[in-house]
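First to last, the protein sequences are chains Z and H. In terms of our numbering, the first sequence has 27 at position 27, counting the first letter as 1, and numbering is strictly consecutive. In terms of our numbering, the second sequence has 1067 at position 67, counting the first letter as 1, and numbering is strictly consecutive.
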Amino acid sequence: QKEVEQNSGPLSVPEGAIASLNCTYSDRGSQSFFWYRQYSGKSPELIMFIYSNGDKEDGRFTAQLNKASQYVSLLIRDSQPSDSATYLCAGGKTSGSRLTFGEGTQLTVNP
Amino acid sequence: NAGVTQTPKFQVLKTGQSMTLQCAQDMNHNSMYWYRQDPGMGLRLIYYSASEGTTDKGEVPNGYNVSRLNKREFSLRLESAAPSQTSVYFCASSPGGGNQPQHFGDGTRLSIL
Chain Z
1 QKEVEQNSGP
11 LSVPEGAIAS
21 LNCTYSDRGS
31 QSFFWYRQYS
41 GKSPELIMFI
51 YSNGDKEDGR
61 FTAQLNKASQ
71 YVSLLIRDSQ
81 PSDSATYLCA
91 GGKTSGSRLT
101 FGEGTQLTVN
111 P
Chain H
1001 NAGVTQTPKF
1011 QVLKTGQSMT
1021 LQCAQDMNHN
1031 SMYWYRQDPG
1041 MGLRLIYYSA
1051 SEGTTDKGEV
1061 PNGYNVSRLN
1071 KREFSLRLES
1081 AAPSQTSVYF
1091 CASSPGGGNQ
1101 PQHFGDGTRL
1111 SIL
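Rendered as structure tokens:
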């Protein structure tokens, strides 16, 4: 089992819809979670991080963490074509120095 | 504000040649990382340096060496390049610890013929 798994995608949503990106993790010691956006041919860019159970909102983005279910999600409201990218989920431990990345989910927002 | 700077941006090598990828950060971060990214494989950690003076292997260290030259700079060396090392290489840095986000450079696109 991979330490961090993401829904395989690709995911396609119409403009204005809510895009839901999901991630599960196997190591209960993971405490911090990060969402990165990566446009084709570009480097990963941090868009959200979450440390506590519950929801964290930043503009159109909401990260959700459920430690009991070992589940992290990213919701993108009012999706725009400019949101079309690959989204990477990563988890880390306070005691460690590394992040473990999922393989990413490719999102396409259709005008 | 430069952040993480990688050089070169593109490189073509012949099998057996050697080269060093350079990475420098200006954010006073303690930790630095080298990843490779292949289609459908996500980011795979090659080596990392948790702090100045230390380096550790990641998931795929074979065929690579690293040097943490100082707090700012972390280089990745391919001693004898192989076609399997054709990839996009990303350097990243973070303040330190697994609860801190990593910030990525623009990447080096490396082709080995």
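C-beta atoms are modelled at their ideal positions from N, C-alpha and C, and glycine is treated no differently. All values reported here derive from a predicted model rather than from experimental measurement.
Through-space distance from residue j to residue i, alpha-carbon basis
i	j	result
Gln64(Z)	Val72(Z)	6 angstroms
Leu1076(H)	Val1066(H)	5 angstroms
Gln1011(H)	Gln1100(H)	31 angstroms
Val1088(H)	Asp1038(H)	7 angstroms
Thr1108(H)	Leu1021(H)	8 angstroms
Gly942(H)	Ala19(Z)	Nothing can be reported for residue 942(H), as the shown portion of chain H is limited to 1001 through 1113.
Gln1085(H)	Asp1106(H)	18 angstroms
Phe49(Z)	Lys1057(H)	26 angstroms
Lys127(Z)	Ala1024(H)	Residue 127(Z) is absent from the model: chain Z starts at 1 and stops at 111.
Leu1043(H)	Tyr1035(H)	6 angstroms
Thr1055(H)	Arg1068(H)	7 angstroms
Glu1079(H)	Gly102(Z)	29 angstroms
Gln31(Z)	Lys1014(H)	43 angstroms
Ser43(Z)	Ser69(Z)	30 angstroms
Gly16(Z)	Gly59(Z)	14 angstroms
Ala1081(H)	Ile1046(H)	15 angstroms
Tyr36(Z)	Leu46(Z)	4 angstroms
Tyr51(Z)	Arg77(Z)	21 angstroms
Thr62(Z)	Asn53(Z)	13 angstroms
9 angstroms Cβ cutoff, residue i in contact with chain H
i	result
Gln31(Z)	yes
Ser132(Z)	As displayed, chain Z neither begins before 1 nor continues past 111, which places residue 132(Z) out of reach and without an answer.
Lys56(Z)	no
Arg60(Z)	no
Ser20(Z)	no
Leu88(Z)	yes
Tyr51(Z)	yes
Gly96(Z)	yes
Leu46(Z)	yes
Residue-level contact to chain Z via CB, residue i, 9 angstroms cutoff
i	result
Leu1152(H)	Because chain H here runs from 1001 to 1113, residue 1152(H) falls outside it and cannot be looked at.
Pro1008(H)	no
His1029(H)	no
Asp1026(H)	no
Met1019(H)	no
Ala1050(H)	yes
Gly1097(H)	yes
Tyr1033(H)	yes
Gln1011(H)	no
Cβ distance (whole Å) where residue i is taken to contact residue j below 8 angstroms
i	j	result
Ser1094(H)	Ser1031(H)	5 angstroms
Ser1051(H)	Gly1096(H)	7 angstroms
Contacts of residue i in chain B (Cβ-Cβ under 8 angstroms)
i	result
Arg28(Z)	In the structure shown, chain B cannot be found, because the protein chains are Z and H.
- [ ] Specify whether the segment 1002 to 1010 of chain H and the segment 93 to 108 of chain Z touch according to this definition: at least 3 beta carbon pairs, one from each stretch, less than 8 angstroms apart.
- [x] Between the segment 1002 to 1010 of chain H and the segment 93 to 108 of chain Z, the count of C-beta pairs closer than 8 angstroms stays below three; the two stretches do not touch.
TODO: Determine contact between the segment 88 to 95 of chain Z and the segment 2 to 11 of chain Z, defined as no fewer than three beta-carbon pairs at a distance below 8 angstroms.
DONE: Output reads yes: the segment 2 to 11 of chain Z touches the segment 88 to 95 of chain Z.
TODO: Please specify which runs of the beta strand (DSSP E), each continuous and at least 3 residues long, are wholly inside the segment 1046 to 1093 of chain H, giving them in chain order.
DONE: Those beta strand (DSSP E) runs which fall completely within the segment 1046 to 1093 of chain H and span 3+ residues are 1064 to 1068, 1074 to 1078.
Open item on the list: Threshold first: 3 residues or longer. Then list the beta strand (DSSP E) segments lying entirely within the segment 34 to 58 of chain Z, N to C.
Closed with: 45 to 50, 54 to 58, all fully within the segment 34 to 58 of chain Z.
Open item on the list: For a minimum of 3 consecutive residues, which ranges assigned as the beta strand (DSSP E) are wholly contained in the segment 54 to 87 of chain Z?
Closed with: Counting only runs of 3 or more, we get 54 to 58, 61 to 66, 71 to 76.
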